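Asker:
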Amino acid sequence: MRHPVGERRRVRVRVNIRRARGRAGWNRTSLLAGEITFNADRIFLLFPCADDHVDLDEQTCEQARLNYDARYDGRVFIGVTTTGVYCRPICPTPHAKRSHVQYFPTAAAAAQAGFRPCLRCRPEVAPGTPAWNGTSTTVNRGLRLIAEGALDEAGVERLAERLGVTSRHLSRLFLRHLGALPTAVARTRRLHFAKQLISDTNLPMTQVALASGFGSIRRFNDVFRQYYGRPPSELRRLGKRPGSSEGEYVFQLAYRPPYAWNALLAFLAPRAIPGVEAVRDGTYRRVIALRDVHGLLEVTQRPEKHALRVRVQLHRPELLLQAISRVRAMFDLNAAPELIQQDLRRDRLLASYLRLCPGLRLPGAWDPFELVVHAILAQETSLEDSAGLMGRLAERYGEPLTVSGGIDLARTFPQPPTLAVSDLAGIPPAASNMIRAAARRRRAGGPGHARG
Ligand SMILES: [Zn+2]
283 MRHPVGERRR VRVRVNIRRA RGRAGWNRTS LLAGEITFNA DRIFLLFPCA DDHVDLDEQT
343 CEQARLNYDA RYDGRVFIGV TTTGVYCRPI CPTPHAKRSH VQYFPTAAAA AQAGFRPCLR
403 CRPEVAPGTP AWNGTSTTVN RGLRLIAEGA LDEAGVERLA ERLGVTSRHL SRLFLRHLGA
463 LPTAVARTRR LHFAKQLISD TNLPMTQVAL ASGFGSIRRF NDVFRQYYGR PPSELRRLGK
523 RPGSSEGEYV FQLAYRPPYA WNALLAFLAP RAIPGVEAVR DGTYRRVIAL RDVHGLLEVT
583 QRPEKHALRV RVQLHRPELL LQAISRVRAM FDLNAAPELI QQDLRRDRLL ASYLRLCPGL
643 RLPGAWDPFE LVVHAILAQE TSLEDSAGLM GRLAERYGEP LTVSGGIDLA RTFPQPPTLA
703 VSDLAGIPPA ASNMIRAAAR RRRAGGPGHA RG
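Each residue of the sequence shown is one higher than the one before, counting from 283 in the working numbering.
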């Protein structure tokens, strides 16, 4: 499928032909600058349209490529027709001729067009797709849900239902904005994670297949070979990876520079829950609990690589993808500072702050419920005191850590079922009532519910 970024359409045509016959599933044929996509009962003509989907035109993409511009990393992917490989703008391989290059808004779109990921610049570690300038809230929310695993657990119909649109409309929006169908975006996410596990860990292949959401090793091998053009075993270099012992994994997650890491740590430090989280010497560490499995997380910055280094200690590899997805959200790794600055710079006051501290990120939370409890306590007390009270809740109602975490990390934060029925002694009465109510709601799967 061809869906290069930046080809401005001259006309926009959409044709619905009901009862048109086609083979089952999606079939596509290139049609001049646009394309034709049809399924069993409908034909859509979709024309890539710069003014209603992406902010990048062809010239910007070309400049980003020629300048190895990390600000565009993950916002544009470069397909080289002579090699059949797609790259990040920062790829160190010599530049191909312009006439041999095509641009794509997502890795999934490049893959759908038949390009294989470059083994040198590793598109699997690129920053995620940023929110598209508010042009499609549905696509943004859809991307977020896919990143949280929505298509690992259910199909596109259910995803569309959650977004309040039909699955057909959702597919059409995804194609227009991202150049790829929701299923292709989800498949690329799983394959990219598998490739990270192959390159960066010693996990056996059967475990890699499981951890990246493939039901069987056979299915994993087939899909992987199709995507990378070779079997997974061929991509695993010999030798043990440093710092990669049993149950311990290290990932580099790229971001688009600048990244105000110290400012983010300065935000997290006074809010850190004693015994559960710690911020020290430029590093964020915390206890994690996923489906009752305890683990540890350590995040530091690698500014020279425009990446965060994430060390995860977790004895259930099938939970790794979820852990890494949460880290990506928590540290706002999909943000595109360039776009944010463009908008905020219009305000004179904000522009001066942007100059003082470029690359600010929106801090996220590991667990929404934990954040809700903290917000309730912060209404009643000071910031420091509320962190102390969070620590008291962990001390009293959390579980002792079952993995070795060092002296400062010792407990999990208590889960909603525990807090819903606890007396919460020592917590201001108004806050304890609200915490119990929030815990009951969360237990019932209400807002703030996160998979865990
Ligand atoms: Zn490359």
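By construction, the Cβ of each residue, glycine as well, lies at the ideal position given by its N, Cα and C atoms. Small disclaimer: the values here were computed from a predicted structure and weren't measured.
#1: Quick one: Cα of Y541 to Cα of A378, how far?
#2: Mark C403 as exposed unless 16 or more other C-beta atoms lie within 10 angstroms of its C-beta, in which case mark it buried.
#3: Which residues in the same chain have their Cβ closer than 7 Å to the Cβ of Y679, if we skip the five residues on either side of it in sequence?
#4: Which whole-angstrom value is the C-beta distance of L615 and A493, which I expect to be below 8 Å?
#5: How do the segment 637 to 647 and the segment 561 to 573 stand: do at least 3 beta-carbon pairs fall below 8 Å, yes or no?
#6: Looking at the structure shown, is A542 part of a helix, part of a strand, or coil, going by DSSP?
#7: Quickly, what does DSSP pair I555 with across the bridge? List them, please.
#8: In its own chain, which residues sit with a C-beta less than 7 Å from the C-beta of D480, not counting the 5 before and 5 after it?
#9: Flag this pair as yes or no: are the beta carbons of E662 and P710 separated by less than 9 Å?
#10: Could you work out which residue in G688, H597, R440 and R426 is closest to V467 when comparing CA atoms only?
#11: Alpha carbon to alpha carbon, how far is E406 from R370? Give it in angstroms, no decimals.
#12: According to the neighbour-count rule (16 or more other Cβ atoms, all chains shown, within 10 Å of its Cβ), is Q624 buried or exposed?
#13: In the DSSP assignment, what are the bridge partners of E580?
#14: Is it the case that the CB of R402 approaches a heavy atom of ligand 1 more closely than 8 Å?
#15: Between L578 and V685, which are expected to be in contact by the criterion C-beta below 8 Å, what is the C-beta distance as a whole number of angstroms?
#16: How should Q231 be labelled, buried or exposed, when 16 other C-beta atoms within 10 angstroms of its C-beta is the threshold for buried?
#17: Count the C-beta pairs between the segment 378 to 394 and the segment 625 to 632 that are closer than 8 Å, then say yes if the count reaches three, no if not.
#18: With L590 and Y537 assumed to form a contact (beta carbons below 8 Å), what rounded beta-carbon distance in angstroms separates them?
#19: Report the start-end ranges of each beta strand (DSSP E) in the segment 323 to 400 that is 3 residues or longer and not cut off at the edges.
#20: If we call anything under 9 Å between Cβ atoms a contact, is L473 one with P599?
#21: Determine the DSSP secondary structure at E530, reduced to helix, strand or coil.
#22: Please return the same chain residues whose Cβ sits closer than 8 Å to the Cβ of H382, not counting the five positions on each side in sequence.
#23: Relative to the alpha-carbon of G511, which residue among D667, E344 and Y368 has its alpha-carbon at the smallest distance?
#24: Leaving out five residues on either side along the sequence, give the residues of the same chain with a beta carbon under 8 Å from the beta carbon of L550.
#25: Where does A618 fall in DSSP's three states?
#26: With DSSP as the reference, label L535 as helix, strand or coil.
#27: Would you say V367 touches ligand 1, meaning its beta carbon is less than 8 Å from a heavy atom?
Answerer: This is what the structure gives:
#1: CA-to-CA, the gap between Y541 and A378 works out to about 30 Å.
#2: The residue in question, C403, is buried, as its Cβ has 16 or more Cβ neighbours within 10 Å.
#3: Apart from sequence neighbours up to five positions away, the residues of its chain that approach Y679 with a beta-carbon distance below 7 Å are P696, T700, L701 and S704, ordered along the chain.
#4: Cβ-Cβ separation between L615 and A493: approximately 20 Å, too far for a contact (criterion under 8 Å).
#5: Contact between the segment 637 to 647 and the segment 561 to 573 is absent: fewer than three C-beta pairs spanning the two stretches fall below 8 Å.
#6: Reduced to three states, the DSSP call for A542 is coil.
#7: Beta-bridge pairing links I555 to no other residue.
#8: The residue asked about is misnamed: residue 480 is Ile in this sequence, not Asp. V490, P514, L517 and R518, listed in sequence order.
#9: Less than 9 Å divides the Cβ of E662 from the Cβ of P710.
#10: The shortest C-alpha separation from V467 is found at R426.
#11: R370 and E406: Cα-Cα distance of roughly 10 Å.
#12: The residue in question, Q624, is exposed, as its Cβ has fewer than 16 Cβ neighbours within 10 Å.
#13: DSSP, once it has assigned bridges, lists R567 and R593 as partnering E580.
#14: Within the cutoff, so yes.
#15: L578 to V685, Cβ: 6 Å. Contact.
#16: Given a span of 283 to 734 for the chain in the structure shown, any question on residue 231 remains unanswerable.
#17: Contact between the segment 378 to 394 and the segment 625 to 632 is absent, because fewer than three Cβ pairs lie under 8 Å.
#18: Confirmed, about 7 Å.
#19: Positions of the beta strand (DSSP E) runs, each at least 3 residues long and wholly inside the segment 323 to 400, are given as 324 to 328, 359 to 362, 367 to 369 and 383 to 386 in order along the chain.
#20: Their beta carbons are not under 9 Å apart, which means L473 does not touch P599 by this criterion.
#21: Reduced to three states, the DSSP call for E530 is strand.
#22: Excluding sequence neighbours, H382 sits near V362, T363 and T364.
#23: It is Y368.
#24: Its chain contains E559, V561, Y566 and P645 as the residues whose beta carbon lies nearer than 8 Å to that of L550, once the 5 sequence neighbours on both sides are disregarded; these appear in chain order.
#25: DSSP places A618 in coil when its eight states are reduced to three.
#26: Strand.
#27: Distance from the C-beta of V367 to the nearest heavy atom of ligand 1 is below 8 Å.
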